[in-house]
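Below is one structure, written out as structure tokens; the observations come after it.
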Amino acid sequence: MSATAIPGEPPPEGAPPGGRRALAVWGTGVSVYFVAVIFRTSLGVAGLDAADRFHVNASALSTFSILQLLVYAGMQIPVGLLVDRLGTKKVLALGAVLFTAGQLGFAFSPSYGTALASRALLGCGDALTFISVLRLGSRWFPSRRGPLVAQFAGLVGMAGNLVSTLVLARLLHGIGWTAAFAGSAAAGAVVLVLVLLFLKDHPEGQEPEPLPHQGAAYVRRQIAAAWREPGTRLGLWVHFTTQFPAMVFLLLWGLPFLVEAQGLSRAVAGELLTLVVLSNMVVGLVYGQIVARHHGARLPLALGTVGTTAALWAATLAHPGPHAPMWLLIVLCTVLGACGPASMIGFDFARPANPPERQGTASGITNMGGFVASMTTLLAIGVLLDATGDDWSLAFSAVFVLQAVGVSQILRLRGRAQRRERERLVASRVETVHVPA
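Numbering (the working numbering), first residue to last: 7 to 443.
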């Protein structure tokens with residue numbers, strides 16, 4: 007019997023059970039992702055401090071986040087393959103070791119070069135977490151819960167962003183750079199212990215079939231098979247187009263934009279960054295419920311989020327006068343909060359397009375999208391700021407270029423992906439028919 011869930015029907019025999027045990031195991035994995043996001047976004051509240059500490063300009067400052075995201079994006083397919091091959095527990099444990107070492111290194115870095123190396127190490131560990139959490143959810147929860155479980159994972163990640171915005175920012179200005187970053191690294195050690203003691207890759211009696219050890223040939227087949235599915239490619243472009251505006255804002259350029267371009271105090275700017283995170287958490291719950299109940303809402307939600315984000319950025323950047331009004335900045339930050347939940351919809355295109363043994367690889371391909379777009383935009387904004395003498399309106403116009411590229415690809419692939427998904431659903435219905443003995 008196929009293990010594919012059909013909307014409106016009971017889950018097939020052998021499907022993951024869900025329940026309290028699943029929630030406890032999944033929560034252990036998500037705690038690693040939570041800490042990884044705290045470390046990933048810690049530079050967002052320390053950007054101006056980092057520029058002073060290492061005596062760098064906007065382009066060099068953006069290199070911190072670009073390198074971190076370059077490592078993250080470049081590792082997504084290898085991570086997907088590792089998760090498919092080794093399981094979640096080993097990959098998450100390795101990720102916790104690496105991002106904790108990177109955070110500690112960043113705390114004690116005496117120079118720009120060593121700080122860059124530390125952020126690269128952090129990005130490497132961070133890259134191992136999210137795909138592992140998605141795979142853990144698919145092993146412990148029924149597939150009909152997939153959209154909601156994925157959105158909850160994103161929500162927990164944004165809670166990590168909230169911690170860096172509220173807690174780490176205050177520690178940074180209260181106890182100083184080294185103590186704040188080194189102290190936060192202790193959280194990495196805690197989640198590593200939790201993973202080693204409590205995490206299990208799958209429920210008892212539901213061990214996946216062992217994958218053949220076929221070296222490079224196997225890797226090529228896994229990647230090629232996942233890429234051939236239109237749903238995987240559509241998922242990548244949905245993730246590419248939706249995630250990066252908020253990621254760029256939270257990861258590095260939001261605080262400088264609000265303080266230097268909009269004339270706000272650091273305290274008020276921090277509150278607006280917090281608003282992005284809180285909005286993300288609320289919208290994530292709403293989007294997860296909608297997509298779980300109405301699969302046809304996936305693309306309208308994604309494209310609607312892109313269009314609304316573009317319209318509000320245009321209104322903010324084109325507003326006459328030296329500063330945009332506070333109400334417009336509040337609305338902008340509220341809508342930016344929808345970008346993360348919209349990016350999770352990309353996985354809801356890739357997931358049904360691939361069998362369980364290819365889920366990690368397909369999720370890795372999808373997850374590359376938003377981080378490639380974020381990395382490109384971070385670099386473009388830094389370069390344009392230096393080239394134009396801090397013309398923030400022109401620099402942030404790079405957002406529209408990336409959105410246009412992404413939307414064109416979504417529109418190109420949506421028909422093929424929908425046809426292929428219908429074919430797989432029909433095949434699944436045939437496989438699940440019981441023939442009387």
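Glycine included, each C-beta is placed from N, C-alpha and C at the ideal position.
These numbers were taken from a predicted model, which means no experiment stands behind them.
Exercise for the section: Going by CA-CA distance only, name the one from Ala28, Ala66, Arg151 and Ala102 that's closest to Leu291. Expected result: Here the closest residue by C-alpha is Arg151.
Practice task
Can you grab the Cα-Cα spacing for the pair Leu73 / Ala192, in whole Å?
Solution key: Each residue's alpha carbon lies about 24 Å from the other.
Practice task
Determine, using beta carbons only, whether Ser68 and Leu174 come nearer to each other than 9 Å.
Solution key: Cβ distance not < 9 Å, so Ser68 and Leu174 don't count as in contact.
Handout entry: Uninterrupted alpha helix (DSSP H) stretches inside the region 159 to 243 (no shorter than 4 residues)
Key = Listed in chain order, the complete alpha helix (DSSP H) runs (minimum 4 residues) inside the region 159 to 243 are 175 to 181, 183 to 190, 192 to 204 and 221 to 234.
Practice task
Just tell me which of Lys96, Gly129 and Leu100 has its CA closest to the CA of Gly108.
Solution key: Among Lys96, Gly129 and Leu100, the Cα nearest to that of Gly108 belongs to Gly129.
Problem - Cβ distance (whole Å) where Gly352 is taken to contact Leu242 below 8 Å - result: The Cβ separation is near 7 Å, so the contact holds.
Problem - Length at least 4, wholly inside the region 112 to 154: the alpha helix (DSSP H) runs in chain order - result: Within the region 112 to 154, the complete alpha helix (DSSP H) runs of at least 4 residues fall at 118 to 133 and 136 to 146.
Problem - Limits of the alpha helix (DSSP H) - the one that Ala273 falls within - result: The continuous alpha helix (DSSP H) containing Ala273 extends over residues Arg272 to Arg299.
Handout entry: beta strand (DSSP E) runs contained entirely in the region 359 to 414, provided each spans 3 or more residues
Key = Taking 3 residues as the minimum length, the region 359 to 414 contains no beta strand (DSSP E) run wholly inside it.
Practice task
Quick one: measure Cβ to Cβ for Trp319 and Phe402, integer angstroms, because I've assumed they're closer than 8 Å.
Solution key: Rounded, the Cβ-Cβ distance is 7 Å, consistent with contact.
Problem - When Thr94, Ala321 and Ser349 are compared against Phe204, the one with the closest alpha-carbon - result: Nearest of Thr94, Ala321 and Ser349 to Phe204, Cα basis: Thr94.
Practice task
Measure how close the beta-carbons of Val41 and Gly163 come, nearest whole angstrom, since I'm counting them as under 8 Å.
Solution key: Actually they are not in contact, since the Cβ atoms of Val41 and Gly163 sit about 10 Å apart, beyond 8 Å.
Practice task
Following the continuous alpha helix (DSSP H) through Gly25, name the residue where it begins and the one where it ends.
Solution key: Per DSSP, Gly25 belongs to the alpha helix (DSSP H) from Gly25 to Thr47.
Problem - Test item: CB-CB of Ala321 and Ala330 under 9 Å - result: In this structure, Ala330 lies closer than 9 Å to Ala321 by Cβ.
Handout entry: Residue nearest to Gly449 in terms of C-alpha spacing, selected from Arg26, Ala57, Ala64 and Gly35
Key = It is not possible to answer for residue 449, since the shown part of the chain is limited to 7 through 443.
Handout entry: Residue from Leu122, Asp354, Thr311 and Met381 whose Cα sits closest to the Cα of Leu76
Key = Distance from the Cα of Leu76 is smallest, within the candidate group Leu122, Asp354, Thr311 and Met381, for Met381.
Exercise for the section: Assess, as a yes-or-no matter, whether the region 139 to 154 is touched by the region 283 to 290 under the definition of 3 or more beta carbon pairs within less than 8 Å. Expected result: When Cβ pairs closer than 8 Å are counted between the two stretches, the region 283 to 290 is seen not to touch the region 139 to 154, the count staying below three.
Handout entry: The alpha helix (DSSP H) enclosing Gly53, as first and last residue numbers
Key = Per DSSP, Gly53 belongs to the alpha helix (DSSP H) from Gly53 to Phe60.
Practice task
Check whether the Cβ of Phe355 sits closer than 8 Å to any heavy atom of the ligand MG, and report yes or no.
Solution key: By its list of ligands, the structure shown contains no ligand whatsoever, and the ligand MG lies outside what it can speak to.
Problem - Pair within 9 Å by beta-carbon distance, Gln415 and Arg304 - result: No. Outside cutoff.
Problem - Proximity of Val350 and Gln82 at Cβ, strictly below 9 Å - result: One detail in the question is off: residue 350 reads as Met in this sequence, not Val. Annotated as distal: Met350 and Gln82, with beta-carbon spacing of 9 Å or more.
Handout entry: Segment limits, alpha helix (DSSP H) that includes Ala321
Key = Taken as a continuous stretch (DSSP letters only), the alpha helix (DSSP H) holding Ala321 covers Arg304 to Leu323.
Exercise for the section: Just the C-alpha distance for Gly343 and Val289, rounded to the nearest angstrom, thanks. Expected result: Answer to the nearest angstrom: the Cα atoms are 7 Å apart.
Handout entry: Exposed unless 16 or more other CB atoms sit within 10 angstroms - verdict on Gln5
Key = Look at the range of the chain in this structure, 7 to 443, and you will see that residue 5 is not part of it.
Practice task
Check whether the region 352 to 371 touches the region 110 to 130, taking contact to mean three or more Cβ pairs, one atom from each stretch, closer than 8 Å.
Solution key: Counting Cβ pairs under 8 Å, fewer than three are found: no touch.
Handout entry: For Ala344, three-class secondary structure by DSSP
Key = Residue state, collapsed to three classes: coil.
Exercise for the section: Check whether the Cβ atoms of Pro236 and Leu419 sit closer than 9 Å, and answer yes or no. Expected result: Yes, Cβ-Cβ distance for Pro236 and Leu419 is below 9 Å.
Handout entry: Neighbour-count burial assignment, Val31, 16 or more Cβ in a 10 Å radius
Key = Counting of Cβ neighbours within 10 angstroms places Val31 among the buried residues, the total reaching 16 or more.
Practice task
Indicate the three-state DSSP secondary structure (helix, strand or coil) for Arg2 in the structure shown.
Solution key: A query on residue 2 cannot be resolved here, the shown segment of the chain reaching from 7 to 443 and no further.
Exercise for the section: Report, in whole angstroms, the separation of the C-beta atoms of Gly369 and Leu140, which I expect to be a contact under 8 Å. Expected result: Correcting the residue type first, residue 369 is Ser in the shown sequence and not Gly. Between Leu140 and Ser369 the Cβ distance is about 5 Å, and since that is below 8 Å, they are a contact.
Problem - Where Met81 sits in the DSSP three-state scheme - result: Looking at Met81 - three-state DSSP - the assignment turns out to be coil, as it is neither helix nor strand.
Handout entry: For Val327, the three-state DSSP class (helix, strand or coil)
Key = One detail in the question is off: residue 327 reads as Gly in this sequence, not Val. Residue state, collapsed to three classes: coil.
Problem - 8 Å CB neighbourhood of Ala56 in its chain, flanking five on each side removed - result: Leu49, Val62, Leu67, Phe70 and Ala121, listed in sequence order.
Problem - Under the three-state DSSP convention, the category Gln268 falls into - result: For Gln268, the secondary structure class from DSSP, reduced to helix, strand or coil, is coil.
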